[in-house]
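K.L.:
The structure follows.
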């Protein structure tokens, strides 16, 4: 389904890759006094990778030094930007041109058995380009990412799924791929050697799926294990936590539970009086409960007790959600609305509202602000395209800093080492 292309890296990038690494000598050291392994402390708060409005340039911003490090020409317009599972690479979905490009942030960590080794290299545009029709949904679980390609209706080009890890991107390859029978606006959730993805019957009224399928990975391909009988009409949106994957349906939420290597599905119906449907799901890897959005309404979904609780994040107001994010450690949930205000909810107290701050005064719906989360602390970054700047917000102290830019920012993600070696 997807195709891999590799464009040669620059000489500078190749030279940089040879400058780092621990001694891998195979000579015997028996009887010799072994020196302590040198410390490799990286003093970095991470990077922000930003696309700019109106062109194909993608920029790398150094948070600690508050400056742009470099820029790259992505050749094609960038539809969205995500971080790879271990946050070394920026994943550039170029949906309308049916490809995905990658930027290596150069910050990563390796487990060397007796110690963790941090690395810092110059950012680089990867020569690895992944081709596939309409890459749209990107979901991360553990150290895997699943990219769902919607395909096309006329002429019919089938949807499909590709799995990636950071190690795959470094090696310019994919873990495995799956081609589905038809095009559809679907999603996929990776769960180790298992894959959950969507099914659409040929006589469906539209391109939305109606069921979930369970596949088992076999090498670089997948074998169908089961199509769950539970119906999920108008399926849209998915999210995974440790033992569960959830899928939004018109009439509720499909909950898939994993116990060891067995998966089972159950349907959680919409609560009485609910208007709309769950179409977006999000959360945090360390939490069990998941957030579901039904239009502007917010629900706390518990896959264990199979309950849905409405949360009044708007406090009776009529504002609409522009962007949202969960803090790095899962302590706070943040929503930016169309009035330019940020609502900060505290997870431990049932998503009670900690604060509401008005930060922006001019929101352009054609290039709305987006949020990126610092993986090292409770900071978030908000693009302010109207004023060519970023806003840095500490969710603990509520301190706000303005970071001027020379570009009009569009999409954004954070890259870096979440827990640097002390």
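In our numbering, the protein residues as written are 11 to 432. Built from N, CA and C at the ideal position, the CB exists for glycine as well. Here the structure is a predicted model, which is why all the values come from computation and not from measurement.
State the DSSP-derived secondary structure class of residue 357, mapped to helix, strand or coil.
P.N.:
Counting from 1 along the chain shown, the entry for residue 357 is found at position 347. Residue 357 falls in the helix class under three-state DSSP.
K.L.:
Would you check if the region 331-340 and the region 275-287 touch, i.e. whether three or more CB-CB distances between them fall below 8 Å?
P.N.:
No: the two stretches stay apart, fewer than three of their Cβ pairs being nearer than 8 Å.
K.L.:
Does the pairing of the region 358-376 with the region 388-398 give three or more beta-carbon distances under 8 Å?
P.N.:
As far as the Cβ criterion goes, the region 358-376 touches the region 388-398, which means the pair count is three or higher.
K.L.:
Please return the same chain residues whose Cβ sits closer than 8 Å to the Cβ of residue 64, not counting the five positions on each side in sequence.
P.N.:
Residue 64 sits at position 54 when you count from the first residue of the chain shown. The residues are 418.
K.L.:
Looking at the structure shown, is residue 318 part of a helix, part of a strand, or coil, going by DSSP?
P.N.:
The residue you call residue 318 lines up with position 308 of the chain shown. Three-state result, residue 318: strand.
K.L.:
CB-CB under 6 Å to residue 255, same chain, minus the five flanking residues each way: which ones, in chain order?
P.N.:
Position 245 of the chain shown, counted from the first residue, corresponds to residue 255. Taken in chain order, the residues that qualify are 199, 206, 266.
K.L.:
Excluding the 5 residues preceding and the 5 following residue 340 in the sequence, name in chain order all residues of the same chain whose CB lies nearer than 7 Å to its CB.
P.N.:
As a working note, residue 340 is residue 330 in the chain shown. These residues qualify, in order along the chain: 294, 296, 297, 357.
K.L.:
For residue 389, name the three-state secondary structure that DSSP assigns.
P.N.:
Indexing the chain shown from 1 puts residue 389 at position 379. Residue state, collapsed to three classes: strand.
K.L.:
Can you grab the Cα-Cα spacing for the pair residue 234 / residue 283, in whole Å?
P.N.:
For the purposes of this step, residue 234 is taken as residue 224 along the chain shown, with counting starting at 1. For the purposes of this step, residue 283 is taken as residue 273 along the chain shown, with counting starting at 1. Rounded to whole angstroms, residue 234 to residue 283 spans 37 Å at the Cα level.
K.L.:
Less than 6 Å between C-beta atoms, sequence neighbours within five positions excluded: which residues of the same chain meet that for residue 82?
P.N.:
Here residue 82 refers to the residue found at position 72 when the chain shown is read from its first residue. 68, 135, listed in sequence order.
K.L.:
Tell me which same chain residues have a C-beta within less than 8 Å of the C-beta of residue 428, skipping the five on either side of it?
P.N.:
Here the question's residue 428 lines up with position 418 in the chain shown. Answer for residue 428: 97, 338, 385, 386, listed in chain order.
K.L.:
What does residue 412 pair with, by DSSP beta-bridge criteria?
P.N.:
As a working note, residue 412 is residue 402 in the chain shown. For residue 412, which the question treats as bridged, DSSP gives the partners 401.
K.L.:
Taking the straight line between their C-alpha atoms, what separation do you get for residue 312 and residue 251?
P.N.:
Taking the first residue of the chain shown as 1, we reach residue 312 at position 302. Taking the first residue of the chain shown as 1, we reach residue 251 at position 241. Cα to Cα, residue 312 sits roughly 11 Å from residue 251.
K.L.:
Return helix, strand or coil for residue 419, following the three-state DSSP convention.
P.N.:
Start at 1 with the first residue of the chain shown, and residue 419 comes out as number 409. Three-state DSSP puts residue 419 in a strand.
K.L.:
Just the Cα atoms here: how many angstroms apart are residue 304 and residue 211?
P.N.:
Position 294 of the chain shown, counted from the first residue, corresponds to residue 304. Position 201 of the chain shown, counted from the first residue, corresponds to residue 211. Near 25 Å, if we compare the C-alpha coordinates of residue 211 and residue 304.
K.L.:
By the DSSP assignment, the alpha helix (DSSP H) with residue 179 in it spans what residues?
P.N.:
Translated into the one-based positions of the chain shown, residue 179 becomes position 169. Start and end: 176-180.
K.L.:
Would you check if there are 3 or more beta carbon pairs closer than 8 Å linking the region 140-155 to the region 104-112?
P.N.:
Contact between the region 140-155 and the region 104-112 is present, because at least three Cβ pairs lie under 8 Å.
K.L.:
Excluding the five sequence neighbours on either side, which residues of its own chain have a C-beta within less than 7 Å of the C-beta of residue 178, listed in chain order?
P.N.:
Taking the chain shown and counting its residues from 1, the one referred to as residue 178 is at position 168. Excluding positions up to five away in sequence, the list reads 184, 185.
K.L.:
According to DSSP, what are the bridge partners of residue 240?
P.N.:
Along the chain shown, one-based indexing puts residue 240 at 230. Residue 240 pairs with nothing; no bridge assigned.
K.L.:
Check the C-beta distance from residue 169 over to residue 196 and give it rounded, since I have them as a contact under 8 Å.
P.N.:
For the purposes of this step, residue 169 is identified with residue 159 of the chain shown, where counting begins at 1. For the purposes of this step, residue 196 is identified with residue 186 of the chain shown, where counting begins at 1. Yes, residue 169 and residue 196 are in contact; Cβ-Cβ is about 6 Å, under 8 Å.
K.L.:
What's the call for residue 271, buried or exposed, on a 16-neighbour Cβ count within 10 Å?
P.N.:
Working through the chain shown from its first residue, we reach residue 271 at position 261. By the 10 Å Cβ count, residue 271 comes out exposed.
K.L.:
Under the three-state reduction of DSSP, which class applies to residue 38: helix, strand or coil?
P.N.:
Sequence index remark: in the chain shown, residue 38 carries index 28 (1-based). Residue confidence is low: residue 38 scores 38 on pLDDT, short of 50, so the model does not pin down where it sits. Its coordinate-derived value is still stated next. Three-state DSSP puts residue 38 in coil, outside helix and strand.
K.L.:
Just how far apart, CA to CA, sit residue 118 and residue 51?
P.N.:
Indexing the chain shown from 1 puts residue 118 at position 108. Indexing the chain shown from 1 puts residue 51 at position 41. The straight-line gap from Cα to Cα measures roughly 12 Å.
K.L.:
In whole angstroms, what is the alpha-carbon distance linking residue 125 and residue 431?
P.N.:
Taking the first residue of the chain shown as position 1, residue 125 is located at position 115. Taking the first residue of the chain shown as position 1, residue 431 is located at position 421. Roughly 9 Å separates the two Cα atoms.
K.L.:
Closest to residue 93 by C-alpha separation, out of 167, 116, 78, 75, would be which residue?
P.N.:
Along the chain shown, one-based indexing puts residue 93 at 83. It is 116.
K.L.:
Does the Cβ of residue 165 have 16 or more other Cβ atoms within 10 Å, making it buried, or fewer, making it exposed?
P.N.:
Mapped onto the chain shown, residue 165 falls at position 155. So residue 165 counts as exposed.
K.L.:
What would DSSP say about residue 213, mapped onto helix, strand or coil?
P.N.:
Counted from its first residue, the chain shown places residue 213 at position 203. It is coil, neither helix nor strand.
K.L.:
Give the range of the beta strand (DSSP E) segment to which residue 299 is assigned.
P.N.:
By one-based count along the chain shown, residue 299 stands at place 289. Counting along the chain, residue 299 falls outside any beta strand (DSSP E), and DSSP gives it neither H nor E.
K.L.:
By the 10 Å Cβ neighbour count, where 16 or more other Cβ atoms means buried, how is residue 193 classified, buried or exposed?
P.N.:
Within the chain shown, residue 193 is the residue found at index 183, counting from 1. So residue 193 counts as buried.
K.L.:
Is residue 245 closer than 8 Å to residue 208 when the C-beta atoms are compared?
P.N.:
For the purposes of this step, residue 208 is taken as residue 198 along the chain shown, with counting starting at 1. For the purposes of this step, residue 245 is taken as residue 235 along the chain shown, with counting starting at 1. Result yes, Cβ atoms of residue 208 and residue 245 sit closer than 8 Å.
K.L.:
Would you decide whether residue 281 is buried or exposed? Buried here means 16 or more other CB atoms lie within 10 Å of its CB.
P.N.:
Mapped onto the chain shown, residue 281 falls at position 271. Flag for residue 281 reads exposed.
K.L.:
Can you give me the C-alpha to C-alpha distance between residue 261 and residue 287, rounded to a whole angstrom?
P.N.:
Residue numbering aside, residue 261 sits at position 251 when the chain shown is read from its first letter. Residue numbering aside, residue 287 sits at position 277 when the chain shown is read from its first letter. Cα-Cα distance, rounded: 7 Å.
K.L.:
Classify residue 191 as buried or exposed, calling it buried when 16 or more other Cβ atoms lie within 10 Å of its own Cβ.
P.N.:
Indexing the chain shown from 1 puts residue 191 at position 181. That one is exposed.
K.L.:
When you compare each of 344, 381, 308 to residue 353 by their alpha carbons, which one comes out closest?
P.N.:
Within the chain shown, residue 353 is the residue found at index 343, counting from 1. Per the Cα distances, 344.
K.L.:
List the endpoints of the continuous beta strand (DSSP E) containing residue 145.
P.N.:
The sequence position of residue 145 within the chain shown is 135, counting from 1. Residues 145-151.
K.L.:
Could you check how far apart the C-beta atoms of residue 306 and residue 330 are, in whole angstroms? I think they sit under 8 Å.
P.N.:
As a working mapping, residue 306 is identified with position 296 in the chain shown. As a working mapping, residue 330 is identified with position 320 in the chain shown. The Cβ separation is near 6 Å, so the contact holds.
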